[in-house]
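A quick write-up on the structure given underneath.
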Ligand SMILES: [Mg+2]
Ligand SMILES: [Zn+2]
């Protein structure tokens, strides 16, 4: 099998061929490393490629197979890991200068699980610094290009992971989603991304941005691949106090049995209107029609507090981040600037943080410091938490009437790199549809639903399920995916220009 | 050092009422830290008891130590507090290099225990009730060593070295309500409160509460107000006052200093102050201005703690007898005065005496040895009683050997000396040093006969009725037997030989 | 709701230990004023009698047994240190007390 064929296989197909002996894990890994060599200079999905580590993992899989040991459902499948997870002995930067060259002395729980599942980690992918952003332009290491149009953003903060999938550098990737950072990149790159229920995937070893919102999750090119990865990384972790101690919902089974027949699907009034691109709304409306044709019942929903979600998010996330990022003080690890023997620790910390953090990070730290300071706490942080309660209640009421909710994932398609770089408010709008889910802690998926007619760029359909009902995302997602692929005659990504 | 103006204590109290607030931090004796599984064992190599969590590495997360919570509830119950049905941890945000995350995981407006009191007994037996505001859970910081300064202090240091072994060790912070109405006894109340709290913590078995090892640390907040007024004055916060005596001295010093400032028409600055063990003074630390803004918010990496009522009641039922109650019971059982009991307490001998009586010794004997010979040895060696190389069981054995007549007091002291010197158990020391009382009547008789023969004049006096002179003959026999005879028996034998009966 | 001034940004930057440059103060003050103006909408619910949600999961009492787990070695602990001495993290002189 040629490299160009291998890289287009799905994760499920690769695992099957390795298990059957049709391919070796080393062949598969080498094919992807070669692809990275060929295109990543243009795409810049990776911050660090762990060639040796990946090949060693691949060899171990092949040895296991040779010895007749049982292989897991993703054994030997390459994966691109967002550079927000700590990796023992492999650099972890979180897209920031402040951690340049830092080599963690420990593996994140998610990384341990991937290794235990014999997944081959190719390297670490680019991201907005500390996951703060929607375009990956905030990376201290330069932007990532969208494989559909390299002058456009691949979404953010997990733009490196989505671009790696869309450019066939890896069939699987890991992202993290605080306000949409898995789903929004998936939407603008024509890939699949899932934010599991909060607490489903351990946060231990995932560098914190906003602890009560952050959630790691699977990124892939197909719904089934995402499900297989979801199952590999989810589950209780005693090292994370906010981890759910309950069985993982049957996501793979759901992905293999896609159906919407008889399901009630909600459409929220608040997820359209001003700021939504016409082509996005058009593809979304077609998706709703498709769901109807597949046997779903459509229910109109009104969730008025969703209009306050963005505001609440931009108080809660910065508040938590202002505290989470205080540890980057030049004392124990990472960058140290200005230590010339005359300056105090206090000055060195301030100089280092000034030099080591980018604008967006500083902006949010200051905003969060403000929102938490005495005299403002109640008006800002306190009110934002009340909004959170109200949004959760509106979701609960909605889910009494429907099984899932659908919406566009993003109001627009991928915008040009640089367009919103110095307009934070415009940038924040990219997360308009994804944020309510993070505030409530429930589960959501984005999958491709076509190209916007006006710019030919991918549009994402968001599916939202109640907490711990992640399997519903896969059941609905698989049905929608199958129907679209049948309609288009091929997966959407096939329409992307070749790099 | 700048000379601080002080008013005489009497003059200060003549004009003002002191109001105190005491904040005590207790390091729990858990095996592991509050939020990670690192050991809390003291004395380990620098940075050998650290992990991603207590180093604050990116990505790390905390998980609450169940025994930390249990200890907090026990302390709260013993302090007669209400126990929260639901409470949370919060982050106290401020930068300091000894704090790896640059926030302390603590409790803020939802402490686990609140609204309690502790009755403390003053030296004359009077009971003073100290109201407790709250007891909450938090974590300790790392330890910094300042290099290059003349005195190892922070000023003048060129750099500092940080060891995070202590970072994350569980702390319980116990805060009193303002202590009013103690008047001139305020310093004594402060000391008695900290002493009582220490006994309580030890009795609960949640910490050794050794102030000399930093396991218990006290901040003394103090303000004065003119007699007859109700509004509190501006307070000073004297930090890290780390012995019982220092607590009393710090309070006393601050009363005198505040009074001097106020009487001269000055105003007290709200500031932290440092206590100096050498002369009992305090000096100015950091001014508390409004720039300090800890930006507390609920710790999102931890979930709420909701102690079930059933569990709380179970813990309440399992509380040991409170130290003050126990002390009074023992005092009566032992038949000692308040004053003697206080000395026993101050010497840290209560539990040792109890253990010695538990091992079979009569209470008066146990007390005699621990408060006499052993207290002297400890004092000479500069260690506390419980650090001596002798166990209560061994003391009880010595006491038994005396009771049976195998040892006299003088020999017993030598046995104890041998045990302390590591020569083995009391019986081994007796054996090795050959310290048995000479009870062989034949040998003793010969020695008595010899003494009478060589002290004929004294023997005659005794025969003549001057029984008191027998001491000289007893002394001669004891000398001849190198002290290994039972003096009472010797006296009996002499009087018998001389045909005299006592009294 | 009040906006945010350059002086306030400077104060917040000090609290957050960010040595912002003069031009950054101006730049951020303008942007933060816009952002705060927009997000201040949350105060619309300030009067509503609803409990705040600090956490999306209704979990309580997640605790671990008091059992020692392996620590890092001192070498691992210090592996990222910008400077070290005597197996300790070496940091510039610390201002203040304690
Ligand atoms: Mg405290
Ligand atoms: Zn630790």
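Chains as they are written, first to last, in our numbering: chain A, 1 to 499; chain B, 500 to 1002; chain C, 1003 to 1100. By construction, the Cβ of each residue, glycine as well, lies at the ideal position given by its N, Cα and C atoms. Computed from a prediction, not measured in an experiment: that's the story for all the values here.
For this session: Go to residue 604/B, then tell me how far its beta strand (DSSP E) extends in each direction, as first and last residue.
Result: 602-605
Exercise. Cβ of residue 736/B versus every heavy atom of ligand 1: is any distance shorter than 7 Å?
Worked result: no
For this session: Would you check if there are 3 or more beta carbon pairs closer than 8 Å linking the stretch 1045-1053 of chain C to the stretch 514-525 of chain B?
Result: no
Exercise. For residue 208/A versus residue 172/A, is the C-beta spacing smaller than 8 Å?
Worked result: no
For this session: Entirely within the stretch 760-818 of chain B and at least 4 residues each: give me those alpha helix (DSSP H) ranges in chain order.
Result: 808-816
Problem set entry | Residues of its chain near residue 181/A, where Cβ-Cβ distance is below 7 Å and the 5 sequence neighbours each way are ignored | Cβ neighbours of residue 181/A beyond the five flanking positions: 131, 156, 157, 158, 175.
Problem set entry | Per-residue DSSP class, three states only, for residue 883/B | coil
For this session: Report the residue from 554/B, 574/B, 563/B, 526/B whose alpha carbon sits nearest the alpha carbon of residue 815/B.
Result: 574/B
Exercise. Are at least three pairs of beta-carbons, each pair with one atom in the stretch 433-442 of chain A and one in the stretch 161-171 of chain A, less than 8 Å apart?
Worked result: no
Problem set entry | residue 410/A: CB within 7 Å of a non-hydrogen atom of ligand 2 | no
Exercise. Does any residue of chain A bring its CB to less than 8 Å from the CB of residue 794/B?
Worked result: yes
Exercise. Among the residues of its own chain, which have a CB less than 8 Å from the CB of residue 323/A, if the five just before and after it don't count?
Worked result: 368, 372
For this session: Check whether the Cβ of residue 667/B lies closer than 7 Å to any heavy atom of ligand 2, and answer yes or no.
Result: yes
For this session: Can you say whether residue 546/A is buried or exposed, counting buried as having 16 or more other CB atoms within 10 angstroms of its CB?
Result: No answer is possible for residue 546/A: it lies beyond the span of chain A, which begins at 1 and ends at 499.
Problem set entry | Beta-carbon proximity check, residue 32/A vs residue 110/A, cutoff 8 Å | No, the pair does not count as a contact, with Cβ atoms beyond the cut-off.
Exercise. Ordered along the chain, which non-local residues of its own chain (more than five positions away) have a Cβ less than 6 Å from that of residue 626/B?
Worked result: 618, 620
Exercise. Beta-carbon separation of residue 77/A and residue 120/A under 8 Å?
Worked result: yes
Exercise. Comparing the CB of residue 241/A with every heavy atom of ligand 2, is any distance shorter than 7 Å?
Worked result: no
Exercise. Using a C-beta to C-beta distance shorter than 9 Å, which residues of chain A count as neighbours of residue 974/C?
Worked result: Because chain C is modelled from 1003 through 1100, residue 974/C falls outside the range shown and cannot be assessed.
Problem set entry | Any non-hydrogen atom of ligand 2 closer than 7 Å to residue 151/A Cβ | no
Exercise. What is the residue span of the alpha helix (DSSP H) that residue 468/A lies within?
Worked result: It is not in any alpha helix (DSSP H) - residue 468/A carries neither H nor E in the DSSP assignment.
Exercise. Is the Cβ-Cβ distance between residue 558/B and residue 178/A less than 8 Å?
Worked result: no
For this session: Classify residue 518/A as helix, strand or coil using the three-state DSSP reduction.
Result: The first residue shown for chain A is 1 and the last is 499, placing residue 518/A beyond what the model contains.
Exercise. Does residue 354/A come within less than 8 Å of chain C when only Cβ atoms are used?
Worked result: yes
Exercise. Which word fits residue 1057/C, buried or exposed, when buried means at least 16 other C-beta atoms lie within 10 angstroms of its C-beta?
Worked result: Its Cβ being crowded by 16 or more others within 10 Å, residue 1057/C is buried.
Exercise. For the stretch 226-239 of chain A, which residues have a CB atom closer than 8 Å to at least one CB atom of chain B, in sequence order?
Worked result: 238, 239
Exercise. Using 8 Å as the limit for Cβ to Cβ distance, is residue 590/B near chain A?
Worked result: yes
Exercise. Considering residue 735/B, what are the terminal residues of the beta strand (DSSP E) in which it resides?
Worked result: 735-740
For this session: State buried or exposed for residue 410/A, treating a residue as buried only when at least 16 other CB atoms are found within 10 Å of its CB.
Result: buried
For this session: Confirm the yes/no value for this check: CB of residue 609/B, any heavy atom of ligand 1, distance under 7 Å.
Result: no
Problem set entry | Straight-line Cα distance separating residue 146/A from residue 486/A | Between residue 486/A and residue 146/A, the alpha-carbon positions lie close to 25 Å from each other.
Exercise. Who are residue 658/B's beta bridge partners in DSSP?
Worked result: 646/B, 1094/C
Exercise. CB of residue 1075/C to nearest heavy atom of ligand 2: below 7 Å?
Worked result: No, since every heavy atom of ligand 2 falls outside the 7 Å radius drawn around the Cβ of residue 1075/C.
For this session: Determine whether the Cβ of residue 594/B lies closer than 8 Å to any Cβ atom of chain C.
Result: Chain C, which has a Cβ nearer than 8 Å to the Cβ of residue 594/B, makes this yes.
Exercise. Within this structure, are the beta carbons of residue 429/A and residue 275/A separated by less than 8 Å?
Worked result: yes
Exercise. Which whole-angstrom value is the C-beta distance of residue 997/B and residue 967/B, which I expect to be below 8 Å?
Worked result: About 13 Å separates the CB atoms of residue 997/B and residue 967/B; that is not less than 8 Å, and the two are not in contact.
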